[in-house]
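Engineer: Got a structure here, written out as structure tokens. Questions coming.
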Amino acid sequence: MPANNKLPVRDARLGDFMKPVLWRTRSDKQLYMTSLLTGVLGIGPAAVVASEVPDLHHFRGSFGGKDVIPLWRDAAATEPNVARGLLESLADAYGEAVSVEDLFAYAYALLSTPAYVESFGEELAVPGPRLPVTRDAGLFHEAADFGRGLVNLHTYGERFGGKGVPRGQAKVARAIPDTPEGYPEDHAYDPVSWTLRVGDGELGPVSPEVWEFGVSGLRVVKSWLDYRMKEPSGRSSSPLDEIRPERWTIQMTHELLELLWVLEATIAEQPYGADLLTRIVESDLFEAGDLPQPSEEERKAPK
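Under my numbering, think of the first position of the sequence shown as 27, with each following residue one higher.
Right, here's the structure in full:
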């Protein structure tokens with residue numbers, strides 16, 4: 027059973043694109059990194075991570091869960107989703123064991139920082155992120171540790187530590203009414219007072235950086251709220267979309283606060299992530315051909 031004690035629901039009405047190959051590998055140890063592998067990346071993170079099966083494309087919302095890179099190839103978490111011999115080659119170079127979780131976290135540490143796209147915008151005109159891998163064991167493990175923290179944060183404590191969401195600065199200034207009449211019909215943000223209004227309720231302080239935070243052009247907080255208004259602005263794709271909450275609950279407010287806190291913590295870590303990326307790029311790197319590449323069989327296998 028997953029760490030959150032919630033059983034998966036594979037009802038097609040709850041998802042637009044229920045990809046069997048991803049559901050077959052689902053477990054409480056699985057992680058999914060998503061990026062844009064065949065299109066040009068925009069400003070913001072070059073990768074995001076999820077502990078549950080992605081449905082829509084995180085970087086192209088009108089598409090299905092494509093460009094998904096699972097941590098494991100199987101639900102039992104026994105077959106790492108990397109080229110054969112890669113982990114062993116890294117272990118030989120560093121003089122210590124390297125796990126697939128280490129490599130996944132290292133990759134996420136670099137790709138999830140907006141500095142990656144900012145630094146390599148010209149190179150990324152050719153689609154597909156490329157990962158600089160340092161020969162410095164200390165730098166590798168520093169990045170892996172940093173990435174583990176980000177994965178834990180972005181999965182709300184579901185993976186790599188289970189610490190949960192750290193409490194941030196945002197708090198409820200005026201409660202959102204929990205009556206049917208008080209269900210929010212709209213929301214607005216005041217960049218001067220750093221106040222987020224949701225219906226008749228208010229939350230703050232919410233920095234402009236948190237409000238503007240986006241992934242491939244999708245502004246996270248605005249999108250979250252748009253889908254939860256009395257008349258949601260998101261498109262309807264299932265009969266279940268017609269079943270709406272009768273009132274705004276305390277749990278919904280807490281979920282909004284957790285989202286704001288996750289973004290606060292993410293933004294606070296970005297300067298360190300940018301510095302780490304710079305130090306890795308300036309270090310001695312593995313060159314093309316130094317490390318094992320996926321075989322033709324591995325390339326054809328679900329990944």
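Heads up, the beta-carbon is just placed ideally off N, CA and C, and yes, glycines get one too.
Keep in mind that this is a model prediction, so the values were computed, not measured.
1) Consult DSSP for P46 and reduce its assignment to one of helix, strand or coil.
2) When the Cβ atoms of the stretch 190-201 are set against those of the stretch 217-229, are three or more pairs found closer than 8 Å?
3) To the nearest angstrom, how far is the alpha carbon of V126 from that of F312?
4) Are the C-beta atoms of L62 and some chain D residue less than 8 Å apart?
5) Ends of the beta strand (DSSP E) at A199?
6) So, P26 versus T51, is the Cβ gap smaller than 8 Å?
7) Could you tell me the alpha carbon to alpha carbon distance between A102 and G154, rounded to whole angstroms?
8) Can you name the start and end residues of the alpha helix (DSSP H) that E228 belongs to?
9) Rounded to whole angstroms, what is the Cα-Cα separation between P106 and W98?
10) Does the Cβ-Cβ distance between V177 and E284 come in under 8 Å?
11) From P271 to R193, what distance separates their C-alpha atoms?
12) Can you tell me whether DSSP reads V218 as helix, strand or coil?
13) Quick one: give me the first and last residue of the alpha helix (DSSP H) that I306 is part of.
14) Around the C-beta of E268, are 16 or more other C-beta atoms found within 10 angstroms, so that it is buried, or is it exposed?
15) Rounded to the nearest angstrom, what separates S309 and A163 at their Cα positions?
16) DSSP three-state label for R174, please.
17) Can you tell me which of P234, K248, Q319 puts its alpha carbon nearest to the alpha carbon of I293?
18) Assuming the contact rule is C-beta atoms closer than 8 Å, L137 and S61 should be a hit. Round their C-beta distance to whole Å, please.
19) Ignore the nearest five residues each way along the sequence and tell me which others in A151's own chain have a CB closer than 8 Å to its CB.
20) Can you check whether the CB of M59 is closer than 8 Å to the CB of V75?
21) Buried or exposed for H213, please, with buried defined as at least 16 other CB atoms from any protein chain shown within 10 angstroms of its CB.
22) Check each candidate in V247, D204, P206 and name the one with the smallest Cα separation from L222.
23) Please say whether A119 and R156 have beta carbons closer to each other than 8 Å?
24) Please identify the residue among Y209, R185, Y132, H167 whose C-alpha is closest to the C-alpha of M278.
25) Take V236 and list the residues in its own chain whose beta-carbon comes closer than 8 Å to its own, dropping the five residues that flank it on each side.
26) Beta-carbon separation of E207 and K256 under 8 Å?
27) Three-state secondary structure (DSSP) at P320?
Structural biologist: From the atom records:
1) If DSSP states are grouped into helix, strand and coil, P46 belongs with the helices.
2) Yes, the stretch 190-201 is in contact with the stretch 217-229.
3) Approximately 18 Å between the Cα atoms of the pair.
4) The structure shown contains no chain D; it is built from a single protein chain.
5) For A199, the enclosing beta strand (DSSP E) has its first and last residue at 197-200.
6) Since the displayed the chain opens at 27 and closes at 329, residue 26 lies outside it and no answer follows.
7) Approximately 29 Å between the Cα atoms of the pair.
8) That residue, E228, is in no alpha helix (DSSP H); its beta strand (DSSP E) goes 227-230.
9) One C-alpha to the other measures close to 5 Å.
10) Not closer than 8 Å, so no.
11) If I take the Cα positions, the gap works out to 26 Å.
12) When secondary structure is reduced to three states using DSSP, V218 falls in the coil class, being assigned neither helix nor strand.
13) For I306, the enclosing alpha helix (DSSP H) covers residues 276-307.
14) Exposure of E268 is indicated by the presence of fewer than 16 other C-beta atoms within 10 angstroms of its C-beta.
15) Going by the C-alpha atoms only, they are around 11 Å apart.
16) In the three-state reduction of the DSSP assignment, R174 falls in the helix class.
17) If you compare the alpha carbons of P234, K248, Q319 with that of I293, the shortest gap goes to P234.
18) The distance from the Cβ of L137 to that of S61 is about 7 Å, consistent with a contact at the 8 Å cut-off.
19) The answer, listed in chain order, is V66.
20) Yes.
21) Buried, since its Cβ has 16 or more Cβ neighbours within 10 Å.
22) Answer by Cα proximity: V247.
23) For the pair R156 and A119, the CB atoms are not nearer than the 8 Å cut-off.
24) Looking only at Y209, R185, Y132, H167, the smallest Cα-Cα distance to M278 is reached by Y209.
25) These residues qualify, in order along the chain: A196, V247, L286, L289, E290, I293.
26) By the CB criterion at 8 Å, E207 and K256 fall outside the cutoff.
27) For P320, the secondary structure class from DSSP, reduced to helix, strand or coil, is coil.
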